[in-house]
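S.K.: As numbered in mature numbering (1 follows the signal peptide of the UniProt record, and there is no 0), residues -20 to -1, 1 to 92 make up the sequence shown, in order.
Glycine included, C-beta positions come from ideal geometry on N, C-alpha and C.
Below is the structure I would like to discuss, written out as structure tokens.
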Amino acid sequence: MASKITFVVLLAFVIACAMTMSVPKAGAQIFLPCKTTKDCEYLHCSNGTPLCVNGQCQCTILSTHAARLDDLKTKKNNAKKCKLTTDCDPRMKFTCVSRSYMCFDGLCTCTN
């Protein structure tokens, strides 16, 4: 009887330890050879733009001033028009860093 209890306790301990261990996950990466950035135009990047870097297409986030201005223009063009904050989609708070938004100048805008 004591050996069964010891076995169950030991098994529970092993399971608890196994659950707390983190298993490293492999990140998938597509290898697409290229000579110019034009060769990468069919690579779909969920975040960033495809560029040819060291002979391989990679999704890169451009942080140049012009890129940030283009991003702001796109966001402004896609922003929902409003008269009051209640006109804005409440799900917008999940896209705002501060989790708050308001109607400003006729556009639903994230606040700081």
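List the endpoints of the continuous alpha helix (DSSP H) containing Met(-2).
M.R.: Per DSSP, Met(-2) belongs to the alpha helix (DSSP H) from Ala(-19) to Thr(-1).
S.K.: Can you check whether the CB of Cys(-4) is closer than 8 Å to the CB of Cys20?
M.R.: Not in contact: Cys20 and Cys(-4) (Cβ atoms no closer than 8 Å).
S.K.: Determine the burial state of Thr75: buried for a count of at least 16 other Cβ atoms within 10 Å of its Cβ, exposed for fewer.
M.R.: Flag for Thr75 reads exposed.
S.K.: Note down the Cα distance separating Asn34 from Thr91, rounded to an integer number of angstroms.
M.R.: Rounded to whole angstroms, Asn34 to Thr91 spans 40 Å at the Cα level.
S.K.: When you compare only the Cα positions, how much space is there between Ala(-9) and Lys(-17)?
M.R.: The alpha-carbon atoms of Ala(-9) and Lys(-17) are separated by roughly 12 Å.
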